[in-house]
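Novice: Attaching a single structure in C-alpha cells format; questions to follow.
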Amino acid sequence: MERYSKVGMQELDQRLSKIVEAARKQPVSVYRYGAPWVWIVSQDDWQGALKEVSSYIPQGHSLVLLRPQIDDLLDEHREVLQGLNASAQMLIAPQTAMHILLLQLLYSVPSEQQLYEQLNYNLLFRWFVGLDLNQKVWSFNVLSKDLATLLGDARAVRLIQKIIGEVFCGALLQMPEFSLNFALLHTWLARHATTSTASN
542 MERYSKVGMQ
552 ELDQRLSKIV
562 EAARKQPVSV
572 YRYGAPWVWI
582 VSQDDWQGAL
592 KEVSSYIPQG
602 HSLVLLRPQI
612 DDLLDEHREV
622 LQGLNASAQM
632 LIAPQTAMHI
642 LLLQLLYSVP
652 SEQQLYEQLN
662 YNLLFRWFVG
672 LDLNQKVWSF
682 NVLSKDLATL
692 LGDARAVRLI
702 QKIIGEVFCG
712 ALLQMPEFSL
722 NFALLHTWLA
732 RHATTSTASN
C-alpha cells in the first residue's frame, strides 16, 4: 500500500491549498503528462530525509564500537599515509581508502565492482567511510586506482594486517556479522613478501 497520494497538474491548480494541507500528513506526488514531476512534503518529512547517515546506524553495532580503535591505529601511522598520498596524488584520502579496504576484508566483498556498488547503497559502508546520504561516490576508476596505490605499498598492507590482528582477531568469534576474508589478506601480503625478504 502506497504511503503517499498522487495528483495531476489540473487537480493541483484547482485544489492547491487543500493538497498542500494534505501533504502535511503524507507526501503528495504531483504528476505531469502522466509521469512523476515533483513532490509536496511536510517540513518534518523533509528534515527526516536529510538525516545524517549516522542516525541510521545502531550505536551497538560492532563496527561502531571498534571504530575508535581502528582510527587510533590509523592516526599513529598518519605520516606513512600522508607520504603515500603526496607521492601518488590520491583523490581519495588514504585513511578513507584504508576504511574501504577494511570493509572489503571484513565482509568478504569478492570484487572491487561489488565494493563500489555497496558504497553506493549500503548505509553502514557509507557511514564507515564518511559519505553523507546525498554525497556522490567517487568514480569506479578513481576507487580502483587509489585502492591499488595503497595495496601496492608494503607499509599500508602491513598496517591493514596490524589493524585486523589487534582490533578484530580477538573478537571475531563474538561478532557473527563479520566474515573476514583471510585468504584475500594473505594475497595482499604475498605481493610484498619478496620485498620484505630482500630488505632483511
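Using the working numbering, the letters of the sequence shown correspond one by one to residues 542 to 741.
Cβ coordinates follow ideal geometry from the N, Cα and C atoms, glycine included.
Predicted, not measured: the structure shown is a model, and the values here were computed from it.
#1: Going by CA-CA distance only, name the one from Leu656, Val582, Gln623 and Arg667 that's closest to Tyr597.
#2: With a cut-off of 8 Å on the beta carbons, I'd call Asp687 and Leu632 a contact; round off their distance for me.
#3: Can you tell me which residues form a DSSP beta bridge with Ile581?
#4: When the Cα of Glu620 is compared with those of Pro609, Gln636 and Pro568, which residue comes out closest?
#5: When you compare only the Cα positions, how much space is there between Trp729 and Pro651?
#6: Run through DSSP, which three-state label would Lys703 get?
#7: Return yes when the Cβ of Ala689 is within less than 7 Å of the Cβ of His733, no when it is not.
#8: State the DSSP-derived secondary structure class of Gly671, mapped to helix, strand or coil.
#9: State yes or no: is the C-beta of Asn722 within less than 7 Å of the C-beta of Leu604?
#10: In terms of residues, what are the limits of the alpha helix (DSSP H) holding Leu632?
#11: Can you tell which of Ser685, Arg556 and Gly624 has the C-alpha that lies nearest to the C-alpha of Ala638?
Specialist: Result, derived from the coordinates:
#1: Out of Leu656, Val582, Gln623 and Arg667, Arg667 has the C-alpha closest to the C-alpha of Tyr597.
#2: Indeed, because the Cβ distance is near 6 Å, the residues count as touching under 8 Å.
#3: Its beta-bridge partners are Val569.
#4: Closest option to Glu620, Cα to Cα, is Gln636.
#5: Going by the C-alpha atoms only, they are around 14 Å apart.
#6: Here Lys703 carries a helix assignment [DSSP, helix/strand/coil].
#7: No.
#8: Coil.
#9: Not a contact, by the Cβ cut-off of 7 Å.
#10: Careful: Leu632 lies outside any alpha helix (DSSP H) and carries neither H nor E.
#11: Considering only alpha carbons, the answer is Ser685.
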